[in-house]
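Quick note on our numbering: the sequence shown kicks off at 17 and runs consecutively.
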Amino acid sequence: MDKECSRCSSGFEVTDDDLKFYQKVSPVVDGVRIEIPSPTLCPECRFKDRLCFRNQSTMYRRKCDKTGKDIISMYKEDAPFPVVFHEEWYKDDWDARNYGRDFDFSKSFFEQFLELRNEVPHMSLVFHNNENCDYCNVVGDSKNCYLIYGSIECEDCYYGNPYKCIKCVDSFLLRDSELCLECVDSSKLYGCYRCQNCSNSSDLKFCFEVNNSKDCFCCAALNHKQYCIYNEQYSKEEYERIVGEIDLMDPVQFEKVIAEFEKLKVQVPHKYYVGTNNENVSGNYIFNSKDCHDVYGVDECRDVSHSFQLQGVNDSMDLTVGEYGELNYNVSAFYGGVSRVVFSYFCWGNVHDLVYCGQCTQNVADCFGCVGMSNAQYCILNKQYSKGEYEDMVKKIIELMKERGEWGEFFPSELSPFDYNETVAAEFFPKGNDELLDAPFKIIPQEEKMYKRFRVPLPVKSPKRRHLDRIALRNKMNLNEVDCYKCGDKLLSTYSLDQGVNVYCGKCYLESIYG
17 MDKECSRCSS
27 GFEVTDDDLK
37 FYQKVSPVVD
47 GVRIEIPSPT
57 LCPECRFKDR
67 LCFRNQSTMY
77 RRKCDKTGKD
87 IISMYKEDAP
97 FPVVFHEEWY
107 KDDWDARNYG
117 RDFDFSKSFF
127 EQFLELRNEV
137 PHMSLVFHNN
147 ENCDYCNVVG
157 DSKNCYLIYG
167 SIECEDCYYG
177 NPYKCIKCVD
187 SFLLRDSELC
197 LECVDSSKLY
207 GCYRCQNCSN
217 SSDLKFCFEV
227 NNSKDCFCCA
237 ALNHKQYCIY
247 NEQYSKEEYE
257 RIVGEIDLMD
267 PVQFEKVIAE
277 FEKLKVQVPH
287 KYYVGTNNEN
297 VSGNYIFNSK
307 DCHDVYGVDE
317 CRDVSHSFQL
327 QGVNDSMDLT
337 VGEYGELNYN
347 VSAFYGGVSR
357 VVFSYFCWGN
367 VHDLVYCGQC
377 TQNVADCFGC
387 VGMSNAQYCI
397 LNKQYSKGEY
407 EDMVKKIIEL
417 MKERGEWGEF
427 FPSELSPFDY
437 NETVAAEFFP
447 KGNDELLDAP
457 FKIIPQEEKM
467 YKRFRVPLPV
477 KSPKRRHLDR
487 IALRNKMNLN
497 EVDCYKCGDK
507 LLSTYSLDQG
517 VNVYCGKCYL
527 ESIYG
């Protein structure tokens, strides 16, 4: 089925498999399946709306509305709802059901959801089991970190999105690495600088798609190599002499190396997508997955489409950042044992059968239009019902939503608790000017030590500007039909013709790398 996006007017396809999926995830109420219609918005517009509900990196000083103490928060002082320190939010001395109210059938659902949301306390940061990480958000099990977000199990890391890393600075989606600076979309690196799409390597500088290698300078599309400069092989002594003569602290030499590196990146073969150990997939940065389409940054997933940054997810669609779940649709941010959740945001910790809910955590099930719930079941707008009452009310509410054109889409972006430029949406789809990009910034001692270790200049751009520069290194999350440069096979790739690179299918790419 071909459709036209009701917002941007671009065309998009709804496949037969999509229709079967909507049927599968449609909520069953009192034995009756209430069908979710096909979307009116294209995948990109749906993605933008979900990103509008995620603020990772913009933080403020403000008062905790419970204790009056100074805290760091992702919400401004003038947020329309109470904001409490995350440790206070998790305490059992309050119950979100105290904010429950009757559903008013003279008002729209979204209007009533907003009224509820503006009364329920919100946690200042998404934060779990950290030590000395006060200026971090969406971070867990980490220690001595500063301005990292979307991270877990990190130590002594600063700026960016590291994952299970130690002493890494200015990273974007860097995993299982140590002592790295300015590395992007890479894993299992040690002592590397300015690397992208690299893995299982050490002591690389200015490298692109270099794997299982060490001691390489300004190289691209190499595997199992050592002592290479600009993809040319040298002896250990020659390598150390030549690299030792390059003074990266000299602005002229530094810019020359960057220019040569960018030139080399264009010349080498490019695999049509980044990923390994997959079957029947499309998108980019896909690993250990099967039957996944239009997905970006996924690992160990099955039957997933139109999604971003997932781990261990099955049979789902339109998800943005999540781990371990199944049968979920149009959800922004979820973690740990999440199933049959639709049109919701920030829900985690053994939750299931939620519809239009926000910030519901730990053992929540069969709830509709709820905010801030824990250990709850059969609630609507945070009000407790019996099972039978709940089912009767949900059927009536959905009928009203259908009449008003609300049923079947994610929350309108206007209901986001954040300004657009505070959200991840602005990182991938910037619009207008953001004065925070060029705000004054400081160099912390730990950061300065790392730059001195690599003998490279200190940054002259703000952390947020550097973060956007790293994102810009990635291809856009759009699929284009291209031909394999070598065999001519048709491919779906995030590379476009105007990038001027030679795109290879998986087989031809391996042949070009290994010979």
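C-beta: ideal position from N, C-alpha, C; glycine also.
{"Query": "Residue of Q462, K502, Y301, Y372 minimising C-alpha distance to N213", "Result": "Y301"}
{"Query": "Beta-carbon gap between S217 and K204 smaller than 9 Å", "Result": "yes"}
{"Query": "Helix, strand or coil at G385 [DSSP, three-state]", "Result": "coil"}
{"Query": "Span separating the alpha-carbon of V517 from that of E527", "Result": "17 Å"}
{"Query": "Sub-9 Å separation of V41 and V358 beta-carbons", "Result": "yes"}
{"Query": "CB-CB length for Y175 against P479, believed under 8 Å", "Result": "5 Å"}
{"Query": "Residues that F143 bridges to, as DSSP identifies them", "Result": "V155"}
{"Query": "Range covered by the alpha helix (DSSP H) that runs through A488", "Result": "479-488"}
{"Query": "Three-way DSSP call (helix, strand, coil) for G404 in this model", "Result": "helix"}
{"Query": "Beta-carbon separation (whole angstroms), C524 vs L507, contact threshold 8 Å", "Result": "Not really, about 10 Å apart at Cβ, beyond 8 Å."}
{"Query": "Extent of the continuous alpha helix (DSSP H) to which V41 belongs", "Result": "32-41"}
{"Query": "Sequence-distant residues of its chain with Cβ nearer than 8 Å to Y151 (five each side left out)", "Result": "M75, I88, Y162, L163"}
{"Query": "Residue burial classification, N148 (beta-carbon count within 10 angstroms, cutoff 16)", "Result": "exposed"}
{"Query": "Neighbour-count burial assignment, T336, 16 or more Cβ in a 10 Å radius", "Result": "buried"}
{"Query": "Continuous alpha helix (DSSP H) assignments of at least 4 residues falling wholly in the segment 319-347", "Result": "none"}
{"Query": "N437, DSSP secondary structure in three states", "Result": "helix"}
{"Query": "Endpoints, beta strand (DSSP E) assigned at Q212", "Result": "209-212"}
{"Query": "The segment 115-130 touching the segment 138-148, judged by at least three CB pairs closer than 8 Å", "Result": "no"}
{"Query": "Range covered by the beta strand (DSSP E) that runs through G313", "Result": "306-315"}
{"Query": "I182 vs E198 beta-carbon contact at 9 Å", "Result": "no"}
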